[in-house]
Amino acid sequence: MTGVINESSMMPQLCAKLNHTKMRNIKIILAFAAFSFFIACGGGNKKSTTDAAPAEATSAEKPTDVTSYDPKRGEGKFNEQNVMVDATLNATMAAAGEKIAGVKCTSCHKMTEERLVGPGWKGVTQRKTPYWIMNFITNPDPMIDKDPELQAQLELCLVRMPNQSLVDEEARNIVEFMRKNDGVK
Ligand code: HEC
């Protein structure tokens, strides 16, 4: 009897018209409805937040990447001002570059256009600026992440070029050796 009294005090208008069993049925239906609404919204919310998070992250990253990455210069400290290249070859530097390349690079790179592990070096000084090459070979990782052409190469080569811990002078000498390989005299 106490149950009936409680129900009628909670919902007097409904209870006035309904008997005890009908009331119970309605309560069960309401409980179900409320429960499934909760599940649906809980699931829905969760889904929309996980969906939204990566979309926001990529749309926030893209504009900064596009504006900050210069495909002609690459990323790093080298630029048009601090890398000087003569029209003629510096044979001493090229010879030093060939030596260090023999130790650190030629296991993956041929001097022809043919790919070994990485792309062949023939023509690289015509495709790329000397400062792009120096930025890349002294610190490949950030550029592989951003440069569209390096990403295309990565897809072909399936290997990320490792950081070979070159000092600036070694990098500059290797550029001179690459120029020699491309026919600069
Ligand atoms: C373990 C193999 C490996 C070694 C060692 C290596 N590279 Fe690479 N290199 C690659 C791969 C692979 C790529 C293509 C980009 C990528 O997937 O990271 C590449 C790309 C390059 C490119 C860009 C070529 C282009 O046509 O745009 C240059 C320049 C380069 N490497 C120079 C060097 C130099 C200089 C050294 C030595 C100091 C060196 N690499 C050592 C694997 C290597």
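Offset between the sequence shown (1-based) and this note's numbering: plus 344. We put the CB at the ideal spot given by N, CA and C, even for glycine. Since the model is a prediction, treat every value here as computed from it, not as a measurement.
Compute the minimum distance between the beta carbon of residue i and the heavy atoms of the ligand GTP, and state whether it is under 7 angstroms.
i    : result
R459 : For the structure depicted, the ligand GTP is absent and the ligand set comprises only the ligand HEC.
How many angstroms separate the CA atom of residue i from the CA atom of residue j?
i    : j    : result
V427 : F480 : 14 angstroms
D485 : P506 : 8 angstroms
K524 : A515 : 14 angstroms
D430 : I444 : 21 angstroms
E493 : E457 : 16 angstroms
Q470 : E513 : 21 angstroms
G462 : S451 : 9 angstroms
L460 : K448 : 14 angstroms
T436 : K421 : 24 angstroms
I477 : V519 : 7 angstroms
N423 : N483 : 14 angstroms
P415 : K472 : 9 angstroms
K490 : Y475 : 16 angstroms
In the DSSP assignment, find the alpha helix (DSSP H) that holds residue i and state where it starts and stops.
i    : result
A496 : P492 to C501
R516 : D512 to N525
M442 : The amino acid occupying residue 442 in the given sequence is Glu; Met does not appear at that position. It spans A435 to K448 - the alpha helix (DSSP H) in which E442 sits, taken as one unbroken run.
Q470 : V468 to R471
T482 : P474 to T482
Indicate, with yes or no, if the ligand HEC has a heavy atom lying under 7 angstroms from the CB of residue i.
i    : result
G420 : no
E493 : yes
K466 : no
K490 : no
G462 : yes
M505 : yes
R516 : no
P415 : no
L510 : yes
P474 : no
R523 : no
A445 : yes
Within the same chain, show all residues whose beta-carbon is closer than 8 angstroms to that of residue i, passing over the 5 residues directly before and after it, in chain order.
i    : result
G467 : E457 and D526
L502 : none
A438 : N517, E520, F521, R523 and K524
Going along the chain, which residues of its own chain have a beta-carbon closer than 7 angstroms to the beta-carbon of residue i, five neighbours each way excluded?
i    : result
G388 : Low confidence applies to G388: its pLDDT is 38, below 50, so where it sits in the model is not reliable enough to give any reading.
Tell me which same chain residues have a C-beta within less than 6 angstroms of the C-beta of residue i, skipping the five on either side of it?
i    : result
D395 : Residue confidence for D395 is low, a pLDDT of 46 falling below 50, so the modelled location carries little weight and cannot support an answer.
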